[in-house]
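Heads up: the structure comes next, in structure tokens.
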Amino acid sequence: MQFRTVSTTPYTDQKPGTSGLRKRVPAFRQPHYLENFVQSVFDTVAAPPGATLVLGGDGRYYNREAIQVILKMAAANGFGRVLLGRSGILSTPAASCVIRKYQTHGGIILSASHNPGGPDGDFGIKYNTANGGPAPEKITEAIFAASRKIAQYRIADAPDVALDTSGDTMLGDMTVSVTDPVSDYAELMESLFDFGAIRKLLSGGFRIKFEAMHAVTGPYAREIFVNRLGAPEDSVMNAVPLPDFGGGHPDPNLTYAHELVEALYGSNAPDFGAASDGDGDRNMILGRHFFVTPSDSLAILAANAHQVPGYQQGLAGIARSMPTSAAADRVAATLNIPCYETPTGWKFFGNLMDAGKVTLCGEESFGTGSDHIREKDGLWAVLFWLNILAARRQSVEAIVREHWARFGRNVYSRHDYEGIPTDAANGVMRLLHERFAELQACTEQGRGGAQFGHLQVRLCDDFSYTDPVDGSVSTGQGIRILFVDGSRIVFRLSGTGTEGATLRLYLESYEPDVSKHHLDAQQALATLISIALEISELRQRTGRERPTVIT
Ligand code: G1P
Ligand code: ZN
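Numbering (the working numbering), first residue to last: 39 to 589.
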């Protein structure tokens, strides 16, 4: 086998975002673009000779081509083995599971998560470390630094590897083990949840619909729900992964998972509905004619964890990202366990889980997970819900309403303004910064924050976080306007988009009064929404009358 060293010049835009490097497919197809980034990863992680690497992706357009390149580069960079999901498929949670189970040096996951795919769609690449979790910022920054000064990469001159047949093949001295992408993951799920009880629930007439959105979870959902839990075949919708996700936007929310939403809000609706995203780490939970916000879902899983075999021994703690509602904090207080507030992005949970400080983690962006792996996990969340439903024998809506009655309701919504000009988005954020002083202090009285109707500002800041495990500090993580009564408005710029800027506006208020729990969230948050629009001049500055997506 011949190894070649190829001269190259750096690209300046290979900075990993919230979750790896994401670009349009044509960007990845520029000469040496993929190779430069992969070599920068290999140079940074410096795996010992003979190390094992996990490799797979969500099956999107360019997945198979990228895998061939990465295999040849791994061989030329001294890896001893690559564990490759058959047909190049591995969901993000399954990759995390495999990295941990086989104690590999790390893994490369090819995905742009919930972003659309196709020849002009998005592609992405992320590196996960030996704990199975996304590389922490100090590694992603080092990868970026390496990409800025790269001069050469190493690659094997070899024929393509057959991706669709299980078994070992050699690429020089490196073994490529093509393995079933589902079985290790399905086995882990069986070890955590009461499959017997869920099987009984499903055979007793409880009907479920899982929307795989033509993305990676199709084969996983089929194996788990149909083969192992006995659900009817048609319980899994759009189960065949397609390189362009059938032209859809594989993001499990009320806007993009509309086929599922129509089924769950229609007549003769199933009892339970769920969806996952492109790479299988997100989840949306629906009951019959009922939507569970991801923030509530995290709180409800925590409050009911004692019903689930894998969590019966109790929770060490809970962590949520800053923009996620404080519903989980209330459960943590009742359970007398700590609740950590981290910046957005799953990578901030890794240290807390590795140190045994938290068991459950969640984000408002349809991400929920636990220390069983080091990624959020869509199907895990669905199984957790099904286990609770099997144990409690109540409807989804009844479980949520009982939860609100006990803990109060953290009314919550997120408004996304997608694809706006970067300058306008930055202008909004700058203006908010400039207004901190006037919002926080009423000059006449010299104390107290600005008053908007019955709401008074308590504090404004740009969220920063000191990791309690390694002491690393992350600043500039989102503008918070906190009110005296516990309501809050948060503004953040997305770190995962590839076109223009996406401005996210997060809104939350607390409602202890059960007689008001039936209110629609947009109605209940109307005052906060108008305050947010007023102080940010968002409409004037972006020219947008309404958000692109409301969740
Ligand atoms: C978004 C979500 C964030 C999540 C990330 C990856 O990032 O908001 O919670 O961790 O996708 O799935 P953002 O685009 O907001 O930076
Ligand atoms: Zn994802």
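Built from N, CA and C at the ideal position, the CB exists for glycine as well.
query                                                                                                           : result
Three-way DSSP call (helix, strand, coil) for L541 in this model                                                : strand
Per-residue DSSP class, three states only, for D409                                                             : coil
Identity of the residues DSSP links to Y294 by a beta bridge                                                    : Paired residue(s): none; Y294 is not in a bridge.
The segment 325–345 contacting the segment 303–315, beta-carbon criterion three pairs below 8 Å                 : yes
Paired residues, beta bridge with N276 - DSSP                                                                   : According to DSSP, N276 bridges with nothing at all.
Spatial neighbours of C498 in its chain, beta-carbon cut-off 6 Å, leaving aside the 5 residues before and after : F474, L477, Q478 and I519
Residues near S134 in its chain [Cβ-Cβ closer than 6 Å; skip 5 each side]                                       : G170, I411, R412 and E413
Residue closest to W418, alpha-carbon to alpha-carbon, out of H70, G159 and I262                                : I262
Supposed contact pair F404 and N291 - C-beta distance, whole angstroms, cut 8 Å                                 : 6 Å
Closer than 7 Å: R320 CB and nearest the ligand ZN heavy atom                                                   : yes
Between the CA atoms of N101 and S125 - distance to the nearest angstrom                                        : 9 Å
N- and C-terminal bounds of the alpha helix (DSSP H) containing E261                                            : No alpha helix (DSSP H) holds E261; DSSP gives it neither H nor E.
Cβ pair F233, H252 closer than 8 Å                                                                              : no
Beta-carbon gap between A428 and L239 smaller than 8 Å                                                          : yes
Reference K187, options R260, S45, Q494 and Q350, closest by Cα                                                 : S45
The segment 152–164 contacting the segment 93–113, beta-carbon criterion three pairs below 8 Å                  : yes
Selection from G407, F75, A235 and H143 that minimises the alpha carbon distance to A183                        : F75
Cβ-heavy atom distance, G491 to the ligand G1P, below 7 Å                                                       : no
Length-filtered (3 minimum) beta strand (DSSP E) runs lying within the segment 95–134                           : 119–127
Every unbroken alpha helix (DSSP H) within the segment 447–525, with a cutoff of 4 residues, ordered by chain   : 460–478
Buried versus exposed call for N374 [16 or more other C-beta atoms within 10 Å across all chains shown]         : exposed
Proximal residues to T504 (C-beta, below 6 Å), its chain only, five neighbours per side dropped                 : V511
Run of the beta strand (DSSP E) containing V44, from where it starts to where it stops                          : Q40 to S45
Exposure label - P550; buried when at least 16 CB within 10 Å                                                   : exposed
Test item: CB-CB of D319 and T130 under 8 Å                                                                     : yes
Cβ-Cβ separation, L302 to L339 (assumed contact under 8 Å), whole Å                                             : So it is not a contact: roughly 20 Å between Cβ atoms.
C-beta atoms of A2 and G394 nearer than 8 Å                                                                     : Only positions 39 to 589 of the chain appear in the structure, and residue 2 is not among them; the question remains open.
Simplified DSSP assignment, three categories, for M391                                                          : helix
Reference A150; option with closest CA among K61, R444, W423 and H441                                           : K61
Own chain partners of V438 with C-beta closer than 8 Å, once the 5 adjacent residues on each side are dropped   : G325, F328, V330, D334 and I338
Nearest-angstrom Cα separation, counted from Q432 out to V79                                                    : 48 Å
Cutoff 8 Å; reference Y378; Cβ partners in own chain excluding five residues on either side                     : G355, I356, A357, R358, L390, K395, V396 and P506
C-beta atoms of E537 and G465 nearer than 8 Å                                                                   : no
Under 8 Å between C-beta atoms of T589 and R452                                                                 : yes
Contact test: G316 Cβ vs the ligand ZN heavy atom, cutoff 7 Å                                                   : yes
H152 versus D51 - alpha carbon distance                                                                         : 21 Å
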